[in-house]
Structure formats: C-alpha cells, structure tokens
DNA sequence: GTCTATATCAGGATAGAC
DNA sequence: GTCTATCCTGATATAGAC
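Chains as they are written, first to last, in the working numbering: chain A, 1 to 196; chain B, 197 to 392.
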C-alpha cells in the first residue's frame, strides 16, 4: 500500500496507459491521437488496449476524471498548511499551475479542450467534478474577500476569471523561460486578486 | 461595394461556408465536423466544397484568420471613440467578449481550441496575427498602468491574464442568463484591472 | 493479459459529367 | 460552380490463438 502516488488501485498497464494518454492528448489532441499511438507509447499492440478499456472514449474519461480528482485532492491537502488568506490564495494558485503545467500530470489539459469528445453521460460526471473544484476555490476566495484581502465583488465571477487566467497559461507558459511556476503563482495573485 | 460586413472579397458560397464552418467547429470541434456536415450546412454536396477550398484544413485556417482579423479591426475601430483609459479598457473588453460570445461570429472559439489541427505554416501565420492582437491590447493596458488606472505590474503578464479570463467565459457564459455581455465587460474590468 | 489478424466503416479527397 | 459516384486511407474495434 505504501508509495502510491495517486489513490487509484494498482493496475500497472492500465495506469501507464492513462498517463501516456494524458501526455499524447495534450500534445496532439484527442481526436488526432490514435489507439495505435497509445499502444506504441506503452509498448503494446493496439488490440491489447481493449482488454483494459472498452473504447478510446473511456480512456479520455479516465484521463479527465483522474486529472480533476488529483487536482482537488492536492489543493485540499495544501490548503491545510496555510495560515492566512493570502497564503491560501497563493498556495491554491501554485498547486493549480503546477498540476496544469507539469509534464507528468498532463491530464488537466485534456479537461480544458477535449470535453466535447466525451459521451453525454460521462461529460456530466466530469462537469460535476469540475463544479466541485470550482466551489472549493470559490470558498477560499470568498473568505479572502471577507477579510479584505481580495477586492469586494461577486465571488462566483471572481473565481471564474481567476480560473480562466490560470488555464490560459497552458497556451503561453514556457518552462524553459526564466519565470518559475511558483514565482508566477505569486505574481498572479498579487496582480489580479490581492487588493492593496 | 456597400453593405459589406467584413472586408473580404465577395464570394457568397465561400463566405457562407466559412460562416457555417465557424459555427460547426465551435459546436462539435474541428475533427468531429466532417466535410459532409459542412456541405449539408450550406446545402451542397461534399465534393463541391473542394472547388472552394483545397482541403478541410484550409477552411479551418480561413475561419481563424477571419476571426482574429475581424476582432483586431473591431477593437481598433472602437478604441478611436474612447476618451479615457478606463473607457478604453471597458471598450476593449466589451468588443472582445461580444466577438467571442456572439453566435454569428463563432470564429474565435476555433482559434482557442483548434490550433493544433492547423498545418505548421498556417499555424505560424495565425500565431503572428494573435501576437499582433495581444500587442494592441497590451498597449492599452500599459497606458492605463502609466495613468495609475491599472495596478502596477508587468503588462505582458497582465494582458495574458486578462485574455485568459475573457476567453474562459466561452466555457461558462450563458446568453440566456440575466447578465448581459456589456455589463459583464464592465464588471470584469473593475474586478481584475481597475485599481481603486 | 498480450499478440496477430482482420472486419468494418467513416471520412477526406478526386474524376468527370453537366 | 455544383453534382454524382467512387477511390482510398486510416482508424476503431473484434476474434481467437497463445
């Protein structure tokens, strides 16, 4: 039981597949990634995928479900160690950016751009998870507003603007550049959230 | 020459095709829209498309090129009538949101999510146009910073956060809701840009 | 649980008549 | 400039052996 990164059951091939899929979906997009690409990435033949997943669409669903799940848990965990509203804002922002921009956790990117490819039922489930995450973040922002750390306004709108600003970083952030993710998080909080 | 909405040459079938494509690409995504879908939407047979465009990819390129072009021109035009930095910020935001969220101008949505489907060369061209648009907006924000209307900070970062916040509205804005686009624009500017 | 082989089909694109 | 007919490739998914 020790040394599990994620809270998933241990099914190595399946897990490797989901991770490879997350990366490939981010690089090429879901539709342009073939089941052969996925199989190649884990050293399998394409037919063998379908022992683990009933369809390609199910792989996408699993990628998204894990992505949002891991993010939510990571943020919840990190928030526990915070002792001020501003620290909460920075921590939350940093965790979101790290998860979104890290190469090992590419799942979130699919979430942003590929949701139209999900069947209705699974899309609804993902939307529910996404809404729960948004609520968690909104709570933190609401608290910070009550403490005068964030400018007064509609927290429902504020959290969406903040999320949009963060998610858009996937379009322009350059890991080779001089700006580190943690510094970026702090700058973002100071620029658009904190009220001085 | 009178009554041209856009500055394009008049090729009715071609134009109708681009407009239908913009809408379908937004609804279903580029890869999931077939050339038969496109043909149906304008009452043609699929073979006839290829008289107007060499490939499906060229239609996507044209959708994007027009989208960013029209947006840039619209913003430039509207800015001329402004008489204060804050008014410029609101006008720019309003024009961006209107263009992004209007049903008749669906082109921008493709720009956000489908750029991976473009061939390299055309992607470069679109990126250039997008950078020009970003520069235009950055100028306005820089000016507003110099005037103390926007909080001091890196305008390059600020414009990207602002763009992200705006573009993300396409994921949640509901035209049937009580919040109009113009009111939304004003709220956004006051929440994340204006420094009071 | 993975392999090989293959069924099946959808979608982009072309040819040639009108 | 549009239609009909069709080619052809590539992709998902299945069957059955090992």
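Think of the CB as a built atom: it goes at the ideal place given N, C-alpha and C, for glycine as much as any other residue.
For residue i, return the contacting residues in chain A, with the cut-off set at a CB-CB distance below 7 angstroms.
i	result
residue 361 of chain B	161, 164 and 165
residue 349 of chain B	191
Would you say residue i lies against chain A (beta-carbon separation less than 8 angstroms)?
i	result
residue 198 of chain B	Note that residue 198 of chain B scores 49 on pLDDT, short of 50, meaning its location in the model is unreliable; the coordinates nonetheless yield the value given after this. No, because no Cβ of chain A sits closer than 8 angstroms to the Cβ of residue 198 of chain B.
residue 309 of chain B	yes
Helix, strand or coil: how does DSSP classify residue i here?
i	result
residue 346 of chain B	strand
residue 189 of chain A	helix
residue 194 of chain A	strand
residue 270 of chain B	helix
residue 227 of chain B	coil
residue 103 of chain A	coil
residue 179 of chain A	coil
residue 215 of chain B	helix
residue 57 of chain A	helix
residue 132 of chain A	helix
residue 173 of chain A	coil
residue 9 of chain A	coil
residue 306 of chain B	helix
residue 239 of chain B	coil
residue 83 of chain A	coil
One question on the structure: do residue i and residue j come within less than 8 angstroms of each other, judged by their Cβ atoms?
i	j	result
residue 259 of chain B	residue 298 of chain B	no
residue 384 of chain B	residue 161 of chain A	yes
residue 306 of chain B	residue 222 of chain B	yes
residue 270 of chain B	residue 291 of chain B	yes
residue 144 of chain A	residue 89 of chain A	yes
Could you tell me whether the Cβ of residue i comes closer than 8 angstroms to any Cβ of chain B?
i	result
residue 31 of chain A	yes
residue 187 of chain A	yes
Counting only Cβ pairs nearer than 9 angstroms, list the residues of chain A close to residue i.
i	result
residue 304 of chain B	In chain order: nothing, as chain A lies at least about 14 angstroms away.
Comparing C-alpha positions only, which one of the options sits nearest to residue i?
i	options	result
residue 174 of chain A	A/24, A/113, A/100 and A/124	A/100
residue 57 of chain A	A/34, A/152, A/157 and A/84	A/34
residue 214 of chain B	B/248, B/224 and B/344	B/248
Cβ closer than 9 angstroms: which chain B residues qualify as neighbours of residue i?
i	result
residue 28 of chain A	312
residue 157 of chain A	375, 380, 383, 384 and 387
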